[in-house]
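Sequential numbering of the sequence shown, starting at 107, is according to our numbering.
C-beta atoms are modelled at their ideal positions from N, C-alpha and C, and glycine is treated no differently.
Here the structure is laid out as structure tokens; the discussion comes afterwards.
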Amino acid sequence: MNADTTLIIGAGQAAAKCALELRRLGYDGQITLLGDEAIPPYQRPELSKSYLARPASPDEVIMLTPDMAERFAIELKLGVAVKSVDVAQRVVHCGGEALKFDKLVFANGGRARPLENALNLRTLNDADRLYQTLQTEKQLTVVGGGWLGLEVAATARSHGLSVRVIEQQNRLCARSVPAEISDLLLQHHRDIGVDIHLGCDLQEALSEHEVVCACTGMLPNDQLATDAGVQVDRGILVNDRQMTSAPNIFAIGDCARQENLPAYENWAYANVSAERAAYAICDIAVPVNPDLWLWSKQGDLLIQMRGDFRNADECVVKKKGQGTCYYYLAEKKLACCIAINDPARFGQSRKLYRSQKVLNEISAALD
Ligand SMILES: Cc1cc2nc3c(=O)[nH]c(=O)nc-3n(C[C@H](O)[C@H](O)[C@H](O)COP(=O)(O)OP(=O)(O)OC[C@H]3O[C@@H](n4cnc5c(N)ncnc54)[C@H](O)[C@@H]3O)c2cc1C
């Protein structure tokens, strides 16, 4: 029997997942989510895809309805921003209240990197605003040729806008994918009529009267933790059980970063880190080998990716029908798989990736 209270700062994807996982593991203490958005926890990925492509309702993206929350005895305090955390007294201050905790989870996500006079896309409100813009404008400039920028560009094209993408790097998604995938993305966007500008100086590329959507990355919300004396370095620093430098305080999702690893900033990490924290709170050994994968949908192009291609010494490409799968191998073990419109092969790659089997007959093993 857990007689304690877990407070979760944030009521987004990681927060909701952590609360549900705690209940699944049998935690029967008090769980309270403190969220500054007035809406129940929702998932963001469709905000740049189907939600932006047609008239849509928030119900399509909400992942923890008030009914569900009641069923699982999860308290949702929405529309309240946490102002400060007193680590020594184990108290969180928000909305004029001081709430005691035994365990605390930072799940307060991140915010879009701001750009003056530009629209952003992080929240449901942002998506509604951008959708209205796509209804009324004829032209859109997207700053940033990463996953989000390319999704917004493709969706804006589907609304019939003329779309320009401005990217500082010399190739698309340069941080995330190898050059051959950047080339493929470039070709796809040119085919659907997006005007892509690479290697651009932002100040020179933007003119005064154009409608701009900034998709230039996310900044982790780590100030609250810094102010509380919790260790932070471009995200709240955690170990492999999502524990921060302060006892009984955890961090998950976009606000967290494991020391010596890059920030993942994706849907799968929000879930995996939420599960890990729930295990740690319940004092159960954390399952190893998480499946950290990501996807992006840009018009009719579905890209799915797991693993890291950077140490690969070989690339095997397999094509079937409309799909193509790129397998990146390091010393004949699968280091990374990138599937283009090939969800079946991508699904199969999971087992191979997890097993880290040496693939002597590579072509046969990947068929
Ligand atoms: C438009 C968009 C599209 C995306 N597409 C994909 C995709 O295709 N694939 C993929 O893998 N990932 C995608 N992602 C990333 C993925 O959605 C995020 O990694 C995930 O939402 C992170 O979850 P989180 O709970 O950590 O943060 P969030 O979902 O941001 O939730 C954090 C919550 O905490 C609240 N909060 C912040 N400060 C406070 C405070 N002081 N007090 C109370 N509440 C606070 C925030 O307002 C927010 O509601 C996308 C993200 C966006 C924005």
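Relative to ligand 1, C306 has its C-beta separated by 8 Å or more from all heavy atoms. For the 9 Å CB-CB criterion, V211 and I355 form a contact. Non-local C-beta neighbours of D406 in its own chain, meaning closer than 8 Å and more than five positions away in sequence, comprise N447, ordered along the chain. Here the region 338-351 makes contact with the region 379-392; the two share three or more CB pairs at distances below 8 Å. Remark: C-beta atoms of L140 and K183 approach each other more closely than 9 Å. A144 carries a coil assignment under DSSP once its states are collapsed to helix, strand and coil.
C-alpha of D289 to C-alpha of T138: approximately 46 Å in a straight line.
Of the candidates G266, A260, H294 and G250, G250 places its Cα closest to the Cα of A280. The alpha helix (DSSP H) runs of length 4 or more contained entirely in the region 342-408 are, from start to end of the chain, 373-387.
Residue state for T261 is assigned as helix, using DSSP reduced to three classes. Collapsing the DSSP output to three states places S156 in a helix. In this structure, L304 is the residue among L304, A369 and A262 with its C-alpha nearest to the C-alpha of Q275. The continuous stretches of alpha helix (DSSP H) do not include R270, which lies in the beta strand (DSSP E) extending over residues S268 to I272.
Between the region 324-338 and the region 209-227, the count of C-beta pairs closer than 8 Å reaches three or more; the two stretches touch.
R228 places its beta carbon 9 Å or farther from that of L246. Close CB contacts of D307 within its chain, under the 8 Å cut and outside five residues either way in sequence, are with Q274 (chain order). Each residue's CA atom was taken as its position, placing V394 and A450 some 25 Å apart.
Here R235 carries a helix assignment [DSSP, helix/strand/coil].
Following the DSSP letters along the chain, one finds L304 in no beta strand (DSSP E), marked with neither H nor E.
Excluding residues up to 5 positions away in sequence, Q119, V167 and M169 lie with their Cβ nearer than 6 Å to the Cβ of Q149 in the same chain.
Here the distance from the Cβ of I358 to the nearest heavy atom of ligand 1 is below 8 Å.
In terms of CA proximity to S154, N231 leads the group Q329, V344 and N231. Apart from the 5 residues on each side of it in sequence, H265 sits with its Cβ closer than 7 Å to the Cβ of L240 in its chain, given in chain order. Ligand 1 has a heavy atom closer than 8 Å to the beta-carbon of Y375.
Assignment of P151 by DSSP, reduced to helix, strand and coil, places it in the helix class.
Per DSSP, the continuous alpha helix (DSSP H) segment holding Y459 begins and ends at P449 to S461. In the structure shown, C431 adopts extended strand secondary structure according to DSSP, grouped into three states. A109 sits exposed, since fewer than 16 C-beta atoms from the chains shown fall within 10 Å of its C-beta. Assignment of beta-bridge partners to I137 by DSSP yields T112 and I180.
Within 10 angstroms of the beta-carbon of T332 lie fewer than 16 other beta-carbons, which makes it exposed.
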